[in-house]
Amino acid sequence: MAYEGHSGPTYESLQTVIDRKYFRPAVNLSNPTISNISFTLYAVLGVDEKAQILTTFLWLRLYWVHEFLVWDPEECEGVTKISLPVKDLWSPDIIVYEFVDDDVSQQCPYVYVNHTGHIRYDRMLRLVSSCNLEIFNFPFDIQNCSFTFGSYMHTIRDVRVSPALSFSEMSENSKKYLEASGEWELVIIQGEPGILKFGIDEWDIITFWVVIKRQPVLYVVNLLIPSTFLMVIDILSFYLPPHSVDRASFKMTLILGYTVFLLIMNDLLPSTANGTPIIGIYFSVCLALMVISLLETVLITNILHSMKCHDVPRWVQVLVLGYIARLICYTQDPPDRPEGDSAMPPPLEAPAQIVNGRSEHLNSYSMDVDAPTPIPRIPELAQISADLRLMRTHLASVQKESVLHEQWCHVGYILDFMLFRTYILIISMYAFVIICMWCIWYRQ
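All the letters of the sequence shown, read from the start, carry residue numbers 0 to 443 under numbering that gives the first Met the number 0.
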């Protein structure tokens, strides 16, 4: 009722309602008060994977009916809606069950009251909620967190909850107004009404599922691309000649650089007790492949520099120079196997022969077959002959060592070529599997 000079309900008429603010506004208390809930996701403030906490900012809107706040607009000069302090009216104690922190949200002190008794209460809610965060697919992960709204004290006999808008409308509104989302993108908002049972009591609840997807550009640029570049350099290092360049030192430097890179980028990786993200496994496998590459280089270097004084075993020739060379299409022919002194040319026949301290001259054109004519012995010629024998023995040893070295180099090159192809195959298969898994998860 309105008095002359006043528009809308009078203070005296409202005071009666305010005095009854401690009681649920229902004429018949056996009828529950229905509270309609809707919200708009305005921002994703943070995701704490270690603590399993999601921090969001919501625009929350509640509707309910106050059966004692009803007036006729014709008697109140056409006033259909007024605002009243929320502290002077009864309001449903709607909470979010996943809330894990103090509510530091800014409170809205007023509500809008329609002449039919419908009340609209808008407030901003900084929601710190628990969420089971799955980080295995990081940085292409999709998180599904639930917000369960319901009354804290009033059971289903007193307060019922229902969505004020359809779930698709809430999702579209949130996508439209979502700001300051940082690295997160809203995928969809879904919901389902339900009943929470505890003992003999039941509470009416409504559960919203907020699905958000991480924007992976930051992590791809800062983590995956540098790691890929280092792996490519490690692959290209196989083209360094193992016999003339210290490839092992280069690979050791590369491993050291990769380790420093992982230490620097450790803060960007999520940490949780639930498991290790696949990107952490990816980095560990890359480091393991680099170590395997270094061990392969050590093996090849040992073959090229430590085995040149030993003959190539027969089984190595059959396995490496035969089967493996044909398997990897290695077409270069191996050097011939040295056979004692046969590699050296035969010595020239001496023009004179010394027998029993005497020198005999072999003349094929002489018809005289009598006893050889004795000539005096020349010590210088004997010394020269001994020196020539030593030189011939040394040259034969050097040539044999050279041929053995070439054979071991050939074995080393074949093994290096085979291990390089195996390394490329393993890395390609691993990269293909990782990329396929991330693409499938990202398109979900």
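The beta carbon of each residue, even a glycine, is placed where N, CA and C say it ideally should be.
_Considering only DSSP beta bridges, list what residue 123 is partnered with._
DSSP lists 58 as the beta-bridge partner residues of residue 123.
*Throw me the rounded Cβ distance for the residue 205 and residue 190 pair, which I believe falls under 8 Å.*
6 Å
*Residue burial classification, residue 246 (beta-carbon count within 10 angstroms, cutoff 16)*: buried
*asked:* For a test of the three-state rule: what should DSSP assign to residue 435, helix, strand or coil?
replied: For residue 435, the three-state secondary structure derived from DSSP is helix.
*With a Cβ-Cβ cutoff of 9 Å, do residue 113 and residue 147 count as a contact?*
no
*In or out: residue 11 buried (at least 16 other Cβ within 10 Å) or exposed?*
exposed
*Is there contact between the segment 250 to 259 and the segment 115 to 122, where contact requires at least three CB pairs shorter than 8 Å?*
no
*Give the range of the alpha helix (DSSP H) segment to which residue 159 is assigned.*
No alpha helix (DSSP H) holds residue 159; the beta strand (DSSP E) holding it covers 158 to 162.
*What are the start and end residues of the alpha helix (DSSP H) that includes residue 18?*
10 to 18
*Just confirm the distance between the C-beta atoms of residue 215 and residue 282, as a whole number of angstroms; I'd bet it's less than 8 Å.*
The pair is not a contact, with the Cβ atoms about 16 Å apart (cut-off 8 Å).
_First through last residue of the beta strand (DSSP E) which encompasses residue 225_ = Counting along the chain, residue 225 falls outside any beta strand (DSSP E), though it belongs to the alpha helix (DSSP H) covering 224 to 235.
*Enumerate in chain order the residues of its own chain whose CB-to-CB distance from residue 54 is below 6 Å, with the five nearest sequence positions on each side excluded.*
44, 45, 127
_For residue 428 and residue 48, I'd like the C-alpha separation in whole angstroms._
30 Å
*Contact check, residue 431 vs residue 278, beta carbons under 9 Å*: no
*Unbroken beta strand (DSSP E) run spanning residue 452, endpoints*: Absent from the model: residue 452. The displayed extent of the chain is 0 to 443, so no value can be given.
*Compute the distance between the beta-carbons of residue 40 and residue 57, then report whether it is under 9 Å.*
For residue 40 and residue 57, yes; Cβs fall inside 9 Å.
*Residue span of the beta strand (DSSP E) that contains residue 79, given as start and end*: Per DSSP, residue 79 belongs to no beta strand (DSSP E) and is neither H nor E.
_Please return the same chain residues whose Cβ sits closer than 6 Å to the Cβ of residue 2, not counting the five positions on each side in sequence._
Residue placement at residue 2 cannot be trusted, given a pLDDT of 45 that sits under 50; what the coordinates show is reported in the next sentence. Excluding sequence neighbours, residue 2 sits near 9.
*asked:* With DSSP as the reference, identify every bridge partner of residue 445, one or two as the case may be.
replied: For residue 445 there is no data in the structure shown, the boundaries of the chain being 0 and 443.
*Thinking residue 107 and residue 122 are a contact (beta carbons under 8 Å), I'd like their distance in whole angstroms, please.*
4 Å
_Strand pairing of residue 47, partner residues [DSSP]_ = Bridge partners of residue 47 according to DSSP: 52.
*residue 287 in three-state terms, based on DSSP*: DSSP places residue 287 in helix when its eight states are reduced to three.
*Do you know offhand how far residue 86's Cα is from residue 18's?*
12 Å
*asked:* Quick check on residue 440: does DSSP put it in helix, strand or coil?
replied: helix
_Is it buried or exposed, residue 111, if we count other Cβ atoms within 10 angstroms and call 16 or more buried?_
Residue 111 should be labelled exposed.
*Excluding the 5 residues preceding and the 5 following residue 194 in the sequence, name in chain order all residues of the same chain whose CB lies nearer than 8 Å to its CB.*
155, 201, 202, 203, 204
*Excluding sequence positions up to five away, which residues of its chain have a Cβ less than 6 Å from the Cβ of residue 59?*
38, 122, 124
*Tell me whether residue 292 sits in a helix, a strand or coil according to DSSP, three-state version.*
helix
*How close, in whole Å, do the beta carbons of residue 241 and residue 303 come, if the pair is a contact with beta carbons under 8 Å?*
6 Å
_Coarse secondary structure for residue 300, derived from DSSP in three states_ = helix
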